[in-house]
Amino acid sequence: MSESPSDHPVVLLVEDDGLLLMEASDTLADAGFTVVEASHADKALKVLENRDDVGVLMTDVDMPQGSMDGFALARLVAHRWPSIPVLVVSGMGTPGPNDMPEGARFIPKPYEPTTLVRTLQAFISRAA
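full-length UniProt numbering applies: residue 1 is where the sequence shown begins, and numbers increase by one.
What follows is the structure in structure tokens.
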């Protein structure tokens, strides 16, 4: 009997800052998540179009590269892949009333690694 994908969900991590991407990726991998990295929204969309095992999207907001910011990516993913929970992180302030899709969660930067892991685990268990 194999483990279900929800035991170790795949996290699509979208972050343009290389150091923050590496730190978050390491934190999530240490907690048992499989991490797929993307440096901007367009790369993230390619991942989602080519993989069917992504269990959660974690995206930064401010990403100068690519065709959209993290809020736009979050709304698009919620529309096209409604089964994928969305976590948005940003150091640029809190989201406005129409920035986030329904059901998405927000964590301000800087965040504690344990907060990130706990939030994702709770988020995924609720979505399962």
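Glycine residues also receive a C-beta, built at the ideal position from the N, C-alpha and C atoms.
Since the structure is predicted, the reported quantities are computational estimates derived from the model, not experimental observations.
Sub-8 Å separation of residue i and residue j beta-carbons
{"i": "V88", "j": "M100", "result": "yes"}
{"i": "V117", "j": "T34", "result": "no"}
{"i": "V36", "j": "L73", "result": "no"}
{"i": "F123", "j": "P82", "result": "no"}
{"i": "G66", "j": "T59", "result": "no"}
{"i": "F106", "j": "P95", "result": "yes"}
{"i": "residue 130", "j": "P9", "result": "The structure shown does not extend to residue 130, since the chain is modelled only from 1 through 128, so no value can be given for it."}
{"i": "M63", "j": "A41", "result": "yes"}
{"i": "K109", "j": "G93", "result": "no"}
For residue i: DSSP bridge partner residues
{"i": "R75", "result": "Note: R75 sits in no beta bridge, so no partner."}
{"i": "P108", "result": "S90"}
{"i": "D26", "result": "Answer is none; D26 lacks a bridge partner."}
{"i": "D60", "result": "V89"}
The alpha helix (DSSP H) enclosing residue i, as first and last residue numbers
{"i": "E49", "result": "41-50"}
Start and end residues, beta strand (DSSP E) containing residue i
{"i": "E102", "result": "First-last for E102: undefined, no H or E at that position."}
{"i": "A38", "result": "34-38"}
Whole-angstrom distance between residue j and residue i, CA atom to CA atom
{"i": "L120", "j": "E49", "result": "22 Å"}
{"i": "A38", "j": "D16", "result": "8 Å"}
{"i": "E102", "j": "E112", "result": "24 Å"}
{"i": "A31", "j": "D52", "result": "22 Å"}
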